[in-house]
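Residue numbers for the first sequence follow the working numbering, so the first one is 640 and each next one is one higher.
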Amino acid sequence: MLIAAWNVNSITVRLPRLIAWLDAVRPDVLCLQETKIDDARFPALDLAAAGYAAHYAGQKTYNGVALLVREGLAVTDVYVGMPGYADEQKRVIAATVAGIRVVGVYVPNGQAVGSDKYAYKLEWLAALAGMLRDERARHPQLAVGGDFNIAPDDRDVHDPAAWAGQVLVSDPERAAFRALLATGLVDSFRLFDQPPATYSWWDYRMLAFPKNRGLRIDHILLSPPLAQRCVASRIDRNARKGSKPSDHAPVFVELREAAPES
DNA sequence: ATGGCAATGTTTCATTGA
């Protein structure tokens with residue numbers, strides 16, 4: 640089973656690349672972020688033609704999340720947002736897919752340390768920790784994928800000295816990320832030896848991608864039963880190449896089949 | 001070989017992203 644997450648930075652602009660990627664990789668579930676589109680305009684028919692059922696919660700211009708599920712897989716209990724946390728911004732969508740609880744998240748960017756948006760980011764992350772604690776209690780098999788807008792440690796930053804203390808790497812954000820893990824999840828990427836300087840986002844400016852000046856801010860977190868089944872966690876850097884890429888690359892995990900009940 | 005900001009809408013610039 641393949642579970643993936645990708646900040647597409649406008650599903651309208653990225654649709655051809657998205658469909659090509661779905662055709663090539665055939666993930667079972669893909670969590671999308673920054674779809675930037677009203678639900679009424681979501682390209683569900685195009686995705687259905689590509690073999691994917693879409694569940695989505697969007698808005699014009701900003702944010703917007705979706706779960707794409709390969710046809711034939713059972714989907715139940717779709718939920719948008721976080722219980723008990725009213726938020727106009729569409730940033731969370733959850734569903735149970737073939738027995739696995741999948742939560743897609745688009746964590747606020749935070750703009751700058753000390754800004755109102757930074758305060759919102761930290762408050763939002765605290766709410767997410769609460770939601771994930773509850774999800775974990777209900778669903779032993781839990782995967783949380785998306786754009787977390789946090790580089791968990793300095794290995795995830797191309798130039799730690801230049802980024803020190805900045806938004807995306809600040810200590811309170813990293814502490815908030817650890818608090819997510821403390822609900823009973825692991826960063827799937829770190830289950831494996833990984834090549835150094837592996838990132839998931841590169842600025843569009845200043846040749847950041849060809850120079851590999853990036854950050855690893857997109858993640859898939861797994862509960863222990865899924866971590867045990869995880870045989871790979873990768874970032875598809877190739878998807879950042881070529882014309883009109885998203886500034887984020889897709890991240891994905893491969894899970895081997897569950898052991899039969901004894 | 002990758003590419004030198006991009007996407008959106010109240011569009012001809014401002015806002016946001018990370």
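Virtual Cβ for every residue (Gly too), placed ideally from N, Cα, C. Since this is a predicted model, take the numbers as computed values, not measurements.
**Q.** Residue ranges of each alpha helix (DSSP H) within the region 668 to 694, 4 or longer
**A.** Inside the region 668 to 694, DSSP marks whole alpha helix (DSSP H) runs of 4 or more residues at positions 683 to 688, from first to last along the chain.
Q | CB-CB length for residue 702 against residue 745, believed under 8 Å | A | One-based indexing of the first sequence puts residue 702 at position 63. One-based indexing of the first sequence puts residue 745 at position 106. That belief holds up - the Cβ atoms of residue 702 and residue 745 are roughly 6 Å apart, short of 8 Å.
Q) Below 9 Å between beta carbons: does that hold for residue 887 and residue 839? A) Here residue 887 refers to the residue found at position 248 of the first sequence. Here residue 839 refers to the residue found at position 200 of the first sequence. For the 9 Å CB-CB criterion, residue 887 and residue 839 form a contact.
Q. What distance in whole Å lies between the Cβ atoms of residue 696 and residue 683, which are believed to be in contact at a cut-off of 8 Å?
A. Along the first sequence, one-based indexing puts residue 683 at 44. Along the first sequence, one-based indexing puts residue 696 at 57. Not a contact, Cβ separation roughly 13 Å.
Q | Candidates 872, 883, 689, 813, of which the one nearest residue 892 by Cα | A | Residue 892 sits at position 253 when you count from the first residue of the first sequence. Minimum Cα distance to residue 892 is reached at 872.
Q: Using 10 angstroms around the beta-carbon of residue 672, count the other beta-carbons present and answer buried if the total reaches 16, otherwise exposed.
A: As a first step, residue 672 is located in the first sequence; it is residue number 33 there, counting from the start. That one is buried.
**Q.** For residue 640, the three-state DSSP class (helix, strand or coil)
**A.** The count along the first sequence starts at 1 and reaches residue 640 at position 1. Looking at residue 640 - three-state DSSP - the assignment turns out to be coil, as it is neither helix nor strand.
Q: Taking 9 Å as the cut-off, decide whether the C-beta atoms of residue 707 and residue 666 are in contact.
A: Walking along the first sequence from the start, residue 707 turns up at place 68. Walking along the first sequence from the start, residue 666 turns up at place 27. Yes, Cβ-Cβ distance for residue 707 and residue 666 is below 9 Å.
Q | Length at least 4, wholly inside the region 857 to 896: the alpha helix (DSSP H) runs in chain order | A | 863 to 868
(Q) Any contact between the region 808 to 828 and the region 861 to 878? By contact I mean 3 or more CB pairs, one from each, below 8 Å. (A) Contact between the region 808 to 828 and the region 861 to 878 is present, because at least three Cβ pairs lie under 8 Å.
Q. In this structure, does DSSP put residue 716 in helix, strand or coil?
A. The residue given as residue 716 occupies position 77 in the first sequence. Strand, per DSSP.
Q: Take residue 855 as the anchor and find which of 803, 790, 881 has the nearest alpha-carbon.
A: Within the first sequence, numbered from 1, the residue matching residue 855 stands at position 216. Measuring C-alpha to C-alpha distances from residue 855 to each of 803, 790, 881 identifies 790 as the nearest.
Q) Three-state secondary structure (DSSP) at residue 845? A) Here residue 845 is taken as the residue at index 206 of the first sequence, counted from 1. Of the three classes helix, strand and coil, the one that applies to residue 845 here is coil, per DSSP.
Q: Leaving out five residues on either side along the sequence, give the residues of the same chain with a beta carbon under 6 Å from the beta carbon of residue 747.
A: Residue 747 sits at position 108 when you count from the first residue of the first sequence. These residues qualify, in order along the chain: 759, 760, 763.
Q) Considering only C-alpha positions, which residue in the set 767, 808, 801 is nearest to residue 822? A) One-based indexing of the first sequence puts residue 822 at position 183. If we check each option's Cα against that of residue 822, 767 comes out closest.
Q. Does DSSP put residue 700 in a helix, a strand or coil?
A. Working through the first sequence from its first residue, we reach residue 700 at position 61. Collapsing the DSSP output to three states places residue 700 in coil.
Q. Given a threshold of 16 other Cβ atoms within 10 Å of its Cβ, counted over all protein chains shown, does residue 889 qualify as buried or as exposed?
A. For the purposes of this step, residue 889 is identified with residue 250 of the first sequence, where counting begins at 1. By the C-beta density criterion, residue 889 is buried, having at least 16 other C-beta atoms within 10 angstroms.
Q) Does the beta-carbon distance from residue 735 to residue 714 come in below 9 Å? A) Taking the first sequence and counting its residues from 1, the one referred to as residue 735 is at position 96. Taking the first sequence and counting its residues from 1, the one referred to as residue 714 is at position 75. Yes, the Cβ-Cβ distance between residue 735 and residue 714 is below 9 Å.
Q | Beta-carbon contacts of residue 847 that lie in its chain and below 8 Å, excluding the five residues immediately before and after | A | Here residue 847 refers to the residue found at position 208 when the first sequence is read from its first residue. Cβ within range, chain order: 841, 853.
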